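A.B. asks:
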Amino acid sequence: MEDPLSVVAICPRGLEVIVSNELTYLLSHIKPKIKKGGVFFIATAEEVCMLNVWARTPTRLLIVLARTQAKSARELYNCSFKIQWKNWFLPGRTIKVDVNGRGFPKDVSLRYASLIVKDAICDSFRNEYGVRPNIDTKNPDIRIWINFDNSLVTISIDSTGQPLYKRGWRKEGFIAPLKENLAASLIKLTEWDKKTAIIDPMCGSGTFIIEAAGIAANLPANFILSKKRVFSYQLFADSSPFGNVNTKKIYLNAERVWKSGIETSHTYPSLFGFDISQENIDQAKKNAFMALPESLAEKISWGVKSLHALTRPNFDKGMILTNPPYGKRMGKISSMDEFITIFSSILKKQFTGWSIWLLTNEKEIVSKIKLRASKKIALRNGDIECFWCKFDIFKGSKFRKERADGNTE
């Protein structure tokens with residue numbers, strides 16, 4: 004029987020419930036506890052490995068090694084030094100220490116806290132082996148995470164490595180405005196039934212559509228048949244709780260499900276991705292064929308189309324999911340006001356019976372779109388405060404009237 008581990012699934016603020024729901028779907032026996040920016044739960048090493056392969060919504064999965072009071076630099080060093088680091092990784096591995104939180108001890112800054120823990124780890128290995136691990140701040144083998152909540156410090160080791168939103172299908176160096184795990188969480192917030200048609204009229208590199216496709220087919224989020232990724236837990240020492248995990252079994256199961264998705268492609272929902280840029284559409288297609296079984300990727304409809312040319316496909320009901328563009332992605336639309344005017348008009352004329360979901364950090368978009376939002380969910384996209392807003396287009400829907408003072412009613 005494996006010893007249980009204390010685990011925290013890190014996630015964007017505002018999406019903790021979605022992450023908790025996914026974790027309990029994948030592991031029905033766990034009892035998650037939600038805190039800001041993370042979900043705590045107990046699991047075995049094998050279950051953590053499985054979650055790294057399957058989970059769509061977390062950013063990373065950390066193993067909590069210590070949780071204690073540290074009111075000074077000396078106390079932080081001591082609690083870090085006491086951890087049996089040799090049981091987790093060998094001195095030949097490179098490390099990085101990240102620190103976040105609030106309420107640091109008076110004699111400890113964020114950067115200093117990182118140095119203190121790094122010194123404690125290196126001293127521990129030097130005492131044991133006569134050598135110490137090297138530091139790599141860009142691409143470390145092992146990442147240590149320190150979180151402060153006033154004087155309560157939590158020291159964790161990262162089981163994930165590259166964050167889980169880096170699925171492996173996106174072109175290297177391409178910076179997306181929407182991370183994959185955030186897109187998956189937003190889709191789950193819509194309570195999509197995996198059957199209703201979805202359009203992203205400003206799809207960029209296809210993040211919403213590709214994540215929806217993976218969700219519909221119940222594919223493992225972080226598994227690609229042609230490109231096996233390396234997780235940090237694979238670099239742990241054999242003496243760690245992960246040393247005896249049969250990871251081959253986990254990958255074979257993921258491969259089986261991937262291939263079964265090909266066989267069930269006839270039940271696939273209709274998914275449409277449009278963009279004004281041919282380059283974006285070309286990249287979205289490439290991403291889809293990397294991220295999905297070929298027979299599923301072929302079922303997605305992509306097209307170069309301006310917002311002016313957007314029309315409803317032959318479905319009475321559906322959803323539009325989009326992250327409104329800015330700057331060059333707006334094409335010939337010269338201002339946000341013009342975008343809002345065009346988009347509002349198209350929704351009212353073309354999409355009766357549909358639901359519209361917009362991600363925006365611009366409150367003026369919500370106020371000026373002249374349709375009443377039936378839901379407005381606050382969350383964070385990186386460091387940006389955003390809203391995930393739902394608008395229902397009913398037959399006979401009317402724009403909200405504007406009063407003389409410019410406000411709406």
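Just so we're aligned, residue 4 is where the sequence shown starts under the numbering used here, counting upward by one. Every residue, glycine too, gets a C-beta built ideally from N, C-alpha and C. Note that the structure is predicted; figures quoted are calculated from it, not measured.
1. Terminal residues of the continuous beta strand (DSSP E) containing Met322?
2. Is there contact between the segment 205-223 and the segment 271-284, where contact requires at least three CB pairs shorter than 8 Å?
3. What are the complete alpha helix (DSSP H) segments, minimum 4 residues, inside the segment 146-233?
4. Alpha carbon to alpha carbon, how far is Cys14 from Leu30? Give it in angstroms, no decimals.
5. What did DSSP end up calling Thr314 once you bin it into helix, strand or coil?
6. Kindly indicate the opening and closing residues of the alpha helix (DSSP H) around Gln72.
7. Give the secondary structure of Leu26 by DSSP, where H, G and I count as helix, E and B as strand, and everything else as coil.
8. Taking Asn103 as part of the beta strand (DSSP E), name the residues at either end of that continuous run.
9. Quick one: what's Asn137 bridged to in DSSP?
10. Tell whether a beta-carbon distance below 8 Å holds between Glu5 and Thr60.
11. Once DSSP output is grouped into helix, strand and coil, what is the label at Phe277?
12. Using a Cβ distance threshold of 8 Å, determine whether the segment 181-194 contacts the segment 246-262, with at least three qualifying pairs required.
13. Which residue's Cα is closest to the Cα of Ala46: Ile86, Gly40, Lys34 and Val56?
14. By the 10 Å Cβ neighbour count, where 16 or more other Cβ atoms means buried, how is Asn326 classified, buried or exposed?
15. Return yes when the Cβ of Phe277 is within less than 8 Å of the Cβ of Lys320, no when it is not.
16. State buried or exposed for Ala48, treating a residue as buried only when at least 16 other CB atoms are found within 10 Å of its CB.
17. So what's Asp395 in DSSP terms, helix, strand or just coil?
18. Could you have a look at Ser235 and say whether DSSP puts it in helix, strand or coil?
19. Measure the beta-carbon distance from Asp101 to Ile158 and round it to whole angstroms, keeping in mind my assumption that it falls under 8 Å.
20. What does a CB cutoff of less than 7 Å around Arg383 pick up in its chain, not counting 5 residues either side in sequence?
21. Provide the residue(s) that pair with Trp360 in DSSP beta bridges, ordered along the chain.
22. Would you list the residues sitting across from Glu50 in a DSSP beta bridge?
23. In three-state terms, what does DSSP make of Ile37?
24. Opposite Ala291 in the DSSP bridges: which residues?
25. Can you give me the C-alpha to C-alpha distance between Ala123 and Pro166, rounded to a whole angstrom?
26. State buried or exposed for Gly3, treating a residue as buried only when at least 16 other CB atoms are found within 10 Å of its CB.
27. So, are the CB atoms of Ile396 and Leu192 less than 8 Å apart?
28. According to DSSP, Val248 sits in a beta bridge with which residue or residues?
29. Need the endpoints of the alpha helix (DSSP H) that Leu350 sits in, please.
30. Please state whether DSSP places Val111 in a helix, a strand or coil.
31. Spell out the partners DSSP gives Asn384 in its beta bridges.
32. Which residues share a DSSP beta bridge with Lys378?
C.D. replies: With the structure as the only source:
1. Gly321 to Thr325
2. yes
3. 183-192 and 210-219
4. 18 Å
5. coil
6. That residue, Gln72, is in no alpha helix (DSSP H); its beta strand (DSSP E) goes Arg63 to Gln72.
7. helix
8. Ile98 to Arg105
9. Bridge partners of Asn137: none, in fact.
10. no
11. strand
12. no
13. Lys34
14. buried
15. no
16. buried
17. strand
18. helix
19. Actually they do not touch by this definition, with Cβ atoms about 11 Å apart.
20. Pro15, Arg16, Gly17 and Cys389
21. Leu324 and Lys393
22. Paired residue(s): none; Glu50 is not in a bridge.
23. strand
24. Answer by DSSP bridge pairing: none, since Ala291 is not bridged.
25. 26 Å
26. Since the first and last residues shown for the chain are 4 and 412, residue 3 lies out of range.
27. no
28. Per DSSP, none; premise fails for Val248.
29. Met339 to Gln353
30. coil
31. Ile387
32. Lys393
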